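**Student:** Plus 367 on top of the position in the sequence shown (first one is 1) and you've got our numbering. We put the CB at the ideal spot given by N, CA and C, even for glycine. Keep in mind that this is a model prediction, so the values were computed, not measured. Before I ask anything, let me first share the structure, which is written out below as structure tokens.
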Amino acid sequence: MSFSPGVHWIRDPRSRVYNFSPWLQGVPKLSTFDFDRVTGFIRSSKDATLFEATVRENCKFAGSTSSLTGTLSHIYMLLSRFHPLNFSRLSSAFAHLDPTFSYGQRLPAAVILNYRDGVYLTDADSSLDSDGTMVLSYMGTMLEKFFTVPKAEFQTFLRDAPLEPDSDPRREAYRYAKYGNYMMRSQLDCQDNRLPGTGVFDIKTRAAKPLRIDPLNVEEGSGYLLRTLFGRYESFESEYHDLIRSAFLKYSMQARIGNMDGVMVAYHNTAQVFGFQYISLEEMDEALYGNSAVGQDIFTGCVSMLEAINTEVVACFPQQTVSCLWKTADDGQVMHVFVEPTHWEPSTEGEEKPIVQLDIVVENRVDGRLIEDVVNELEDTFQWNITYSINHVDEPYSEIRARHHGFALTKERFLPLPSDTTLEQMEELWSTGMGTGQAQKTAFDPSKISATNSFINNIRRRSRKGAEDTMRMRKEDRGKKVVIWTQRDDEQQLEDWEQDVIDEGLALSEEAADAAVPETHSSLVRSTKPRQLRLQREPSNTTFLRYQKAKYDPWDAVQSSPPSFQDLVRARDELAIKLLRDMPYAAAALMYDKMKMRLSQDAATETVQTTKPRKTTAPQDALSQVKTVRWTSQAKKADSAQKSARQRPGPRRQATTPQETVPATSSQHSQPSKRDGRASTEVARPHQLGSPPAIDISDLMILNTKQLKKGTWIHAQTASLKASLIRRVSRPQSPSNGNAP
């Protein structure tokens, strides 16, 4: 398993080579999996270990990640005023989309606080949820086993496998963490020592878009394919965009409760797995908040608010089990919490069951300043104060209950019928558990069936096309040898020079760390275990991309005294020779054009006067003697005179350049000459650098992109900093052979 950034395909779409075992590509059918053989989810109210830990640590509240993340999400929406999401990792295809949470993410969160011996255990209230996503819930349970156990062990969970006695009586692995007055439980899926911290990460299965928005149309939606990395549809990027809007907030809070490093997302369409992507906690924080450094502070603030609000909630009906509905208003200014007892016995006939509405309002202050969008103001050093008020709405029970009912109705989903399916056929399919073999919790309700729209029809059309392409590719692969990428044993060992580099780097790191630690801290214990390093070779054809700017850019070099304009031109010419020798021709031409542009800009805008000529010697390295040249106003006037002289018809007179702006030297100087009857200035040859002989700058070859396919090059005269095409010559044999052009 790789934790490198980005998506890792199950099967490379170009070469058709498997990066993982082909066993992981095909998803078993839900009807073949026996869910009774899997340890079921343990609700917080049924977890004896959680209750014992809560009592032992003198906590008042407890809950699991699944029951707490919904309420924590609404608290964050209240504190941040629906801070816009960060789509900077996505392509321009998503730049115009609204950077807000999805509709499903903003739906109310329903929980039950179960009272038991002074402790309130939080359970998610699923009575208001729709059964339309039942298939995906069961699919997640099956795929979790599919990815985390060997093939032979997974096959024991299938219905046709013989029943075997439970050889491992151990329960699932959980982590219990205390935050303030809250005891929180998190289920642990995977662990890898290569990851930082605890090395624990979570497995998340992500069904493709059609299966989430059109869950009744499972059979047809399973044909939807993820074909590319980027794009608005049928791409991993599209699924990643949906993850940011609908899942990252929940994932990040679950990871912090479980002290995890991140999550491993498996993209699938219920028929096949497309690939995996490891998403670290820092990456999720960056997408949510725009800054990965503030995630822990926001989580701490949300947990503190959760404890304060629940303290007021349980005070409404002391020592009773209560159900709660949390909903942050769409403007983010207030959060409504509806509280009512789950068991109520009226003392008099006709007494109405009570219900309480709490309205929570907050103010954020950072370093004493009132802040509306607190996420943008949080930094490494700050003081964040949350001022909140919890108001009891003084209205009749009937009005509060009607408002509560209105919010609860938003959790109901109205779904379209599958393609070519009648209501009678849908009712029969519903009774069989939508192909899962499990009974539905509620009866089929025809009133919750809606009509399709253009978006649903577009998704279904893509799904049908994907199913056809899948069948075609299977026919093409029939009879072909399956190729799986593997690493040979001899490739797993580092070469001697690679190991020497690692050892030397570790030694230098340890010396630097020892030198940085003051003597007063010498008692601190340091880990002697070396960090795992990874070497990656780069393709040779991208060598020029690794050149540092200071190596070829004379404009950032520093010199005690400013050189003349002629010195700069000479240095530029020498750099051009280096470019032609060390870099591909195309890159050299682009760099040279950039240098000309920079020189022209400096000549037109900057004014620093050089008062007297100075002697110059041939530098060993042109770069070490270069600094930005500023033209004087007189030099600019002289240059303008030269240009106007070349543009006027008739006899032309050469403009004189002030001596103090272009000093003469014994080795190099500018001399006027006549070429085609026009005045110009020829620059002397630059000094020879290494093997390439010196060349005249007027003969420097610059790539003409229009002539590239014809194999020709264009000479350019650049003495006056303006390219004038004069003749063509043949292209050299190789740009890197060290010979002069």
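Under the assumption that isoleucine 646 contacts valine 630 (Cβ atoms under 8 angstroms), give the Cβ distance between them as a whole number of angstroms.
**Tutor:** Taking the first residue of the sequence shown as 1, we reach residue 646 at position 279. Taking the first residue of the sequence shown as 1, we reach residue 630 at position 263. 6 angstroms between Cβ atoms; contact.
**Student:** In the DSSP output, which residue or residues are listed as bridge partners for glycine 846?
**Tutor:** Indexing the sequence shown from 1 puts residue 846 at position 479. For glycine 846, DSSP assigns no beta-bridge partner whatsoever.
**Student:** Could you check whether the Cβ of glycine 625 sits closer than 8 angstroms to any heavy atom belonging to the ligand SAM?
**Tutor:** Among the ligands in the structure shown, none appear at all, so the ligand SAM cannot be discussed.
**Student:** How should tryptophan 376 be labelled, buried or exposed, when 16 other C-beta atoms within 10 angstroms of its C-beta is the threshold for buried?
**Tutor:** Translated into positions along the sequence shown, residue 376 becomes position 9. It is buried - the Cβ of tryptophan 376 has at least 16 other Cβ atoms within 10 Å.
**Student:** Run through DSSP, which three-state label would leucine 655 get?
**Tutor:** On the sequence shown, residue 655 is found 288 positions in, with the first residue counted as 1. In this structure, leucine 655 counts as helix in the three-state DSSP scheme.
**Student:** Could you give the first and the last residue of the continuous beta strand (DSSP E) run that contains leucine 583?
**Tutor:** Here residue 583 is taken as the residue at index 216 of the sequence shown, counted from 1. Careful: leucine 583 lies outside any beta strand (DSSP E) and carries neither H nor E.
**Student:** In whole angstroms, what separates the C-alpha of glutamine 621 from that of aspartate 628?
**Tutor:** Stepping through the sequence shown from its first residue, residue 621 is reached at position 254. Stepping through the sequence shown from its first residue, residue 628 is reached at position 261. Cα-Cα distance, rounded: 11 angstroms.
**Student:** Assuming lysine 694 contacts phenylalanine 774 (C-beta within less than 8 angstroms), just tell me the rounded distance between them.
**Tutor:** Against the sequence shown, residue 694 aligns to sequence position 327. Against the sequence shown, residue 774 aligns to sequence position 407. Contact holds; Cβ gap of about 5 angstroms.
**Student:** Phenylalanine 603: buried (16+ other C-beta within 10 angstroms of its C-beta) or exposed?
**Tutor:** Here residue 603 is taken as the residue at index 236 of the sequence shown, counted from 1. Looking at its Cβ environment, which holds 16 or more other Cβ atoms inside 10 Å, phenylalanine 603 is buried.
**Student:** Around the Cβ of serine 369, are there at least 16 other Cβ atoms within 10 angstroms (buried) or fewer (exposed)?
**Tutor:** Here residue 369 refers to the residue found at position 2 when the sequence shown is read from its first residue. Exposed, by the Cβ-count rule.
**Student:** I'd like the span of the alpha helix (DSSP H) that includes glutamate 604, first residue to last.
**Tutor:** Counting from 1 along the sequence shown, the entry for residue 604 is found at position 237. Residues 603-613.
**Student:** Could you check the C-alpha separation between glutamine 522 and threonine 853 for me, to the nearest Å?
**Tutor:** As a working note, residue 522 is residue 155 in the sequence shown. As a working note, residue 853 is residue 486 in the sequence shown. About 25 angstroms.
**Student:** According to DSSP, simplified to helix, strand and coil, what is methionine 550?
**Tutor:** Counting from one through the sequence shown, the residue named residue 550 turns up at place 183. If DSSP states are grouped into helix, strand and coil, methionine 550 belongs with the strands.
**Student:** Tell me the DSSP secondary structure of tyrosine 505 in three-state form.
**Tutor:** Position 138 of the sequence shown, counting from 1, holds the residue named residue 505. The answer is helix: DSSP assigns tyrosine 505 an H, G or I state.
**Student:** Taking only the alpha-carbon atoms, compute the straight-line gap between glycine 590 and valine 733 and give it to the nearest angstrom.
**Tutor:** By one-based count along the sequence shown, residue 590 stands at place 223. By one-based count along the sequence shown, residue 733 stands at place 366. Cα-Cα distance, rounded: 51 angstroms.
**Student:** Where does the unbroken alpha helix (DSSP H) through tyrosine 443 begin, and where does it stop?
**Tutor:** Walking along the sequence shown from the start, residue 443 turns up at place 76. That run of the alpha helix (DSSP H) goes 432-447.
**Student:** Let me know the secondary structure DSSP gives glutamine 639 once reduced to three states.
**Tutor:** The sequence position of residue 639 within the sequence shown is 272, counting from 1. Of the three classes helix, strand and coil, the one that applies to glutamine 639 here is strand, per DSSP.
**Student:** Just mark tryptophan 751 as buried or exposed, buried being the case when its beta carbon has 16 or more other beta carbons within 10 Å.
**Tutor:** Start at 1 with the first residue of the sequence shown, and residue 751 comes out as number 384. Flag for tryptophan 751 reads buried.
**Student:** For the pair the segment 777-795 and the segment 813-826, tell me if three or more CB-CB distances fall below 8 angstroms.
**Tutor:** yes
**Student:** Could you tell me the boundaries of the alpha helix (DSSP H) in which asparagine 677 lies?
**Tutor:** For this step, residue 677 is matched to residue 310 along the sequence shown. Its alpha helix (DSSP H) spans residues 662-683.
**Student:** Compare the C-alpha of aspartate 469 against each of Ser659, Thr508, Leu616, Thr667 and name the closest.
**Tutor:** By one-based count along the sequence shown, residue 469 stands at place 102. For the record, residue 469 in the displayed sequence is serine; it is not aspartate. Taking only the C-alpha atoms, the option nearest serine 469 is Leu616.
**Student:** Whose C-beta lies closer than 6 angstroms to the C-beta of aspartate 652 among residues of the same chain, with five residues either side of it excluded?
**Tutor:** Numbered from 1 along the sequence shown, position 285 holds the residue referred to as residue 652. For aspartate 652, where only same-chain residues beyond five positions count, the Cβ hits under 6 angstroms are Ser659, Gly662.
**Student:** Give me the Cβ distance between tyrosine 505 and threonine 803, rounded to the nearest whole Å; I'm assuming they're in contact under 8 angstroms.
**Tutor:** The residue you call residue 505 lines up with position 138 of the sequence shown. The residue you call residue 803 lines up with position 436 of the sequence shown. Contact holds; Cβ gap of about 5 angstroms.
**Student:** Following the continuous alpha helix (DSSP H) through glutamine 792, name the residue where it begins and the one where it ends.
**Tutor:** Residue mapping note: residue 792 aligns to position 425 of the sequence shown, counting from 1. Here the alpha helix (DSSP H) through glutamine 792 covers 790-798.
**Student:** Taking just the CA atoms, how far does threonine 837 sit from glutamate 843?
**Tutor:** One-based indexing of the sequence shown puts residue 843 at position 476. One-based indexing of the sequence shown puts residue 837 at position 470. Each residue's Cα considered, the two are about 10 angstroms apart.
**Student:** CA-CA distance, glutamate 539 and arginine 552?
**Tutor:** Taking the first residue of the sequence shown as 1, we reach residue 539 at position 172. Taking the first residue of the sequence shown as 1, we reach residue 552 at position 185. Spanning the two alpha carbons is a distance of roughly 12 angstroms.
**Student:** Could you tell me the alpha carbon to alpha carbon distance between glutamine 392 and glutamate 835, rounded to whole angstroms?
**Tutor:** Start at 1 with the first residue of the sequence shown, and residue 392 comes out as number 25. Start at 1 with the first residue of the sequence shown, and residue 835 comes out as number 468. About 18 angstroms.
**Student:** Who are aspartate 569's beta bridge partners in DSSP?
**Tutor:** The residue given as residue 569 occupies position 202 in the sequence shown. Val630, per the DSSP bridge assignment.
**Student:** Hey, out of Val502, Asp465, Glu424, Leu474, whose CA is closest to tryptophan 797's CA?
**Tutor:** Along the sequence shown, one-based indexing puts residue 797 at 430. The shortest C-alpha separation from tryptophan 797 is found at Val502.
**Student:** Determine the direct distance from the alpha carbon of lysine 427 to that of proline 638, and round the result to whole angstroms.
**Tutor:** Along the sequence shown, read from residue 1 onward, the residue named residue 638 stands at position 271. Along the sequence shown, read from residue 1 onward, the residue named residue 427 stands at position 60. Checking the sequence shown, residue 638 turns out to be alanine, not proline. Those two C-alpha atoms are separated by around 45 angstroms.
**Student:** Could you tell me the alpha carbon to alpha carbon distance between valine 405 and glutamate 520, rounded to whole angstroms?
**Tutor:** On the sequence shown, position 38 is the one that residue 405 refers to. On the sequence shown, position 153 is the one that residue 520 refers to. The alpha-carbon atoms of valine 405 and glutamate 520 are separated by roughly 12 angstroms.
**Student:** Which word fits serine 371, buried or exposed, when buried means at least 16 other C-beta atoms lie within 10 angstroms of its C-beta?
**Tutor:** Reading the sequence shown from its first residue, position 4 is the one you call residue 371. By the neighbour-count rule (16 or more Cβ atoms within 10 Å), serine 371 is not buried but exposed.
**Student:** Just to confirm before moving on: does the CB-CB distance between valine 670 and valine 681 stay below 9 angstroms?
**Tutor:** For the purposes of this step, residue 670 is taken as the residue at position 303 of the sequence shown. For the purposes of this step, residue 681 is taken as the residue at position 314 of the sequence shown. No, they are not a contact pair.
**Student:** Going by DSSP, name the residue or residues bridged to glutamate 730.
**Tutor:** By one-based count along the sequence shown, residue 730 stands at place 363. DSSP, once it has assigned bridges, lists Thr754 as partnering glutamate 730.
**Student:** First and last residue of the alpha helix (DSSP H) that includes threonine 416?
**Tutor:** The residue given as residue 416 occupies position 49 in the sequence shown. From DSSP, the alpha helix (DSSP H) with threonine 416 extends over 415-423.
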